[in-house]
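Enquirer:
Residue numbers (my numbering), protein chains in the order written: chain A, 1391 to 1475; chain B, 642 to 856.
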C-alpha cells in the first residue's frame, strides 16, 4: 500500500503539473480539494483520466468521485480494492 | 481625446524587454518551456496556476505581468480596462497537443486540462483573472501583425467610451516560434512625469509598427 501511495503521489504531481510540489510535500491523508493541494474541477477530470489510463479504472458513478478522490490514500484504497476483485 | 502607450513589453528572439529595456535574455534554450520557466521563477509571483497554462497563455501572462509592473492598476476602474489581443496561430499549438492525445484509438485519453486551452481567448481569461480586469475584450486573428486592425478596434473602444484604458497587442506562439508585444493604452495626460515608471508614446498604428519591428 505504501509503495502504491508513493507512486500515486508522483503520478498526480506529473499529471496535474504541480511543479513546485514534491512527493514529500503531499500528506497521503490530506484532502486533495479545497484545502490541501487546492485542486480545481479540471484537476478532478485529470484524476479520472489518470485512473483510467494508468490503472484501467473507470468511474461509472460521478457521485463516487468525491469519496475516491478525497485523498491520495482513498485513491490507493480504491485501486487496491479494484485489483483484488 | 488622444491616447498614449504608457507601458509595453516585448518577448522575442530569446529576449524579454519592458519599455524598451532588456529584462532577461537566454540564448541557450531549446524549447519555449525552457525559456519561460526560469524567468517566471525569477519573477517570484507565487502563482502556481501558471504551470497549468498552455504555452500561449504562459507567453501572454508573462508579457502582461511585465506591463502591469509599470502600471499601478489599482488606480483604474478594472471594470473599464479592456484587453484586445491578436495573433496568427490562434490556439493551434494547443490544438495539436490535444490532437496527439486522441490520434491513437487504443490510447484515447484526451486531457481535460489541455482541451480547455483550445481557444486563444482563454489566454485573455488568464490575464483577466490575474489582474481582475473586467472590461471589454476581444481576440483577433490575422495572418501577420496588423497594427491598423488593432489600432482601429482599440480606438473604437475609446471613441465610444467603452474603456478607460486597454491592454492590446500581439501574442503568437506555435511550437518553438513565439513573439509577444503588449501595450498599455490610455488617454494622454498632461503630467506623465508624475508616474516615472511609465512612458508616453502617442498611440497610432505607426507607433505599433515601430515597436513591433524593434522587438
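Here a beta-carbon is modelled for each residue, glycine too, at the ideal position from N, C-alpha and C.
Under 7 angstroms Cβ-Cβ, which residues of chain A neighbour residue 693 of chain B?
Expert: Correct list: 1407.
Enquirer: Please confirm whether residue 781 of chain B and residue 727 of chain B have their CB atoms less than 8 angstroms apart.
Expert: Against a cut-off of 8 angstroms, the Cβ pair of residue 727 of chain B and residue 781 of chain B comes out as a contact.
Enquirer: When DSSP builds the beta bridges, which residues end up paired with residue 812 of chain B?
Expert: Answer by DSSP bridge pairing, in chain order: B:821.
Enquirer: Indicate the three-state DSSP secondary structure (helix, strand or coil) for residue 1426 of chain A in the structure shown.
Expert: Here residue 1426 of chain A sits in coil by DSSP.
Enquirer: Check the Cβ of residue 696 of chain B against every Cβ in chain A and list those closer than 7 angstroms, keeping chain order.
Expert: Neighbours of residue 696 of chain B on chain A: none; closest Cβ ~12 angstroms, over 7 angstroms.
Enquirer: If distances are taken between C-alpha atoms only, which option among B:732, B:807, B:654 and B:777 comes closest to residue 821 of chain B?
Expert: Ranking B:732, B:807, B:654 and B:777 by Cα distance to residue 821 of chain B puts B:654 first.
Enquirer: Name the chain A residues whose beta carbon is nearer than 8 angstroms to that of residue 752 of chain B?
Expert: Correct list: 1436 and 1439.
Enquirer: Determine whether the Cβ of residue 679 of chain B lies closer than 8 angstroms to any Cβ atom of chain A.
Expert: No, residue 679 of chain B lies away from the interface with chain A (no Cβ there is under 8 angstroms from its Cβ).
Enquirer: Taking the straight line between their C-alpha atoms, what separation do you get for residue 845 of chain B and residue 688 of chain B?
Expert: Whole-angstrom Cα-Cα distance: 34 angstroms.
Enquirer: Count the other C-beta atoms from every protein chain shown that fall within 10 angstroms of the C-beta of residue 751 of chain B, then say buried if there are 16 or more, exposed otherwise.
Expert: Exposed is the call here.
Enquirer: According to DSSP, is residue 647 of chain B part of a helix, a strand, or is it coil?
Expert: Residue 647 of chain B falls in the strand class under three-state DSSP.
Enquirer: Using a Cβ-Cβ distance under 8 angstroms, would residue 757 of chain B count as near chain A?
Expert: Cβ-Cβ to chain A under 8 angstroms: yes for residue 757 of chain B.
Enquirer: Using a Cβ-Cβ cut-off of 8 angstroms (strictly less than) and excluding sequence neighbours within five positions of residue 847 of chain B, which residues of its own chain qualify?
Expert: If we look at residue 847 of chain B and ignore the five residues flanking it on each side, its Cβ neighbours are 788.
Enquirer: Considering only the alpha carbon of each residue, which of B:785, B:646, B:809 and B:693 lies closest to residue 794 of chain B?
Expert: Considering only alpha carbons, the answer is B:809.
Enquirer: Between the beta-carbon of residue 767 of chain B and the beta-carbon of residue 849 of chain B, is there less than 8 angstroms?
Expert: Going by C-beta atoms, residue 767 of chain B is not nearer than 8 angstroms to residue 849 of chain B.
Enquirer: Quick check: the Cα distance between residue 731 of chain B and residue 1468 of chain A, rounded to an integer number of angstroms?
Expert: So the alpha carbons of these two residues sit roughly 41 angstroms apart.
Enquirer: On the premise that residue 807 of chain B lies in contact with residue 723 of chain B, defined as a C-beta separation below 8 angstroms, what is that separation, rounded to the nearest angstrom?
Expert: With 8 angstroms as the limit, residue 723 of chain B and residue 807 of chain B qualify as a contact, their Cβ atoms being about 4 angstroms apart.
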